[in-house]
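Asker:
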Amino acid sequence: MTQRVGIIGWPLTTTFSPAMHNAAFQALGMDWVYDKMAIPPDIARLGVLEPQRHGYVGINVTIPHKEEVMRHIVPDKLAQAVGAVNTIDFRTMTGTNTDVGGFITDLAANGVELTGKRVLVLGAGGAARAAVVGLTGAGASVMVVNRSIERARAMVANLSLSNLMMKADALTLDEAVESGDIDLIVNSTPAGMFPNLDESPWVYGVPFPQDVTVYDMIYRPAQTRLMQQAEEHGGRGIGGLGMLVYQGAAAFKLWTGVEPPIEVMFEAARQELQSQ
Ligand code: NAP
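Numbers 3 to 278, taken from this note's numbering, label the letters of the sequence shown in order.
(1) Here's a check: name, in chain order, each residue in its chain whose Cβ is nearer than 8 Å to the Cβ of L243, leaving out the five neighbours to either side.
(2) Taking only the alpha-carbon atoms, compute the straight-line gap between H56 and V188 and give it to the nearest angstrom.
(3) Take V121 and list the residues in its own chain whose beta-carbon comes closer than 8 Å to its own, dropping the five residues that flank it on each side.
(4) Restricting to Cα atoms, I'd like to know which of G237, A130, Q212 and V208 is closest to A172.
(5) Thinking just about the alpha-carbon of each residue, which of Q212, T258, P263 and Y248 is nearest to the one in R238?
(6) Mapping DSSP to helix, strand and coil, what is V158?
(7) Which stretch, first to last residue, makes up the alpha helix (DSSP H) that contains M267?
(8) CA-CA distance, E69 and K79?
(9) Less than 9 Å between CB atoms is the rule here; does D218 satisfy it with respect to chain D?
(10) Please tell me whether P66 and G97 are closer than 9 Å, where the distance is taken between their beta carbons.
(11) Answer with buried or exposed for V205, where buried requires no fewer than 16 other C-beta atoms within 10 angstroms of its C-beta.
(12) Could you work out which residue in I61, Y217 and W257 is closest to L116 when comparing CA atoms only?
(13) Identify every run of the alpha helix (DSSP H) within the stretch 29 to 87, keeping only runs that are complete inside it and at least 4 residues long; order them along the chain.
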């Protein structure tokens with residue numbers, strides 16, 4: 003019998019997940035299908051319960067349901083720390099967050115060391131929370147900068163409550179730059195995302211660090227203005243496509259128990275990107 007998984011979100015117009023997972027199932031000759039289910043914000047509960055009732059093995063969850071679904075399943079420790087679930091297993095009615103692992107795995111795949119490093123995270127939304135949990139868990143010391151500093155302070159305070167060992171502070175961009183050398187900058191804001199190609203989250207007039215690595219969670223375009231700024235200052239830019247692929251690969255492994263064909267998933271994601 004065909005096994006079904008899928009994704010819920012709204013408006014869910016540009017998700018790469020169906021292409022990535024279906025390409026992986028096909029490559030491995032598995033009788034599995036990944037469906038796309040556009041679920042409006044007011045019926046998040048049905049977005050969880052209906053696929054379960056119809057025998058789905060699990061689902062991915064994306065904007066705007068990642069927080070709301072936590073009320074309908076049991077979130078694991080990681081999802082609780084991040085405050086968001088992006089992958090549900092209906093066999094156990096549990097939820098986890100594979101964005102954290104996807105992000106950390108892609109940094110490792112790109113040879114970026116984290117232990118003892120000083121990392122600047124730009125943004126204070128869901129993706130920034132996943133980044134801070136992953137980075138501090140990997141032994142980095144983290145500075146969070148957000149255009150509304152109050153939101154950054156609230157995020158760090160909330161995360162610290164769930165992990166007392168966490169090394170993270172909320173600062174202004176000036177304070178972060180003046181505080182010492184920065185090894186890695188992570189962009190967890192949409193600034194620079196298509197179609198705003200000239201936009202950068204780096205505040206104009208603040209000196210850009212030399213020889214720094216930028217990890218931009220944005221994957222459209224493949225090269226953002228912020229990544230260019232890093233290269234102009236002797237550094238390196240890494241785009242967010244790998245994070246997307248590795249978070250999907252982790253969900254694939256969880257549902258199927260099978261090792262995901264990473265290259266097949268990468269290729270499907272690249273093709274989706276080109277066809278946009
Ligand atoms: P979110 O919850 O809406 O948070 C967005 C954050 O960016 C907020 O802190 C917001 O600041 C800030 N921001 C928004 N526009 C800005 C601008 N023009 N300049 C500076 N800061 C700005 O969004 P999210 O879910 O965290 O996602 C953030 C980004 O990560 C998106 O681009 C998303 O596509 C990307 N992402 C990528 C992956 C991947 O797999 N590669 C996974 C998850 C997310 P305020 O608090 O002041 O509003």
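In this text, a Cβ means the ideal position worked out from N, Cα and C, and glycines have one as well.
Answerer: If we stick to the structure as given:
(1) Y221, A224, F268, A271, R272 and L275
(2) 39 Å
(3) L137, A142, S143, V144, M145, I184, D185, L186, I187 and V188
(4) A130
(5) Q212
(6) helix
(7) I264 to S277
(8) 14 Å
(9) No chain D appears in the structure shown, which is made up of a single protein chain.
(10) no
(11) exposed
(12) Y217
(13) 46 to 55 and 79 to 84
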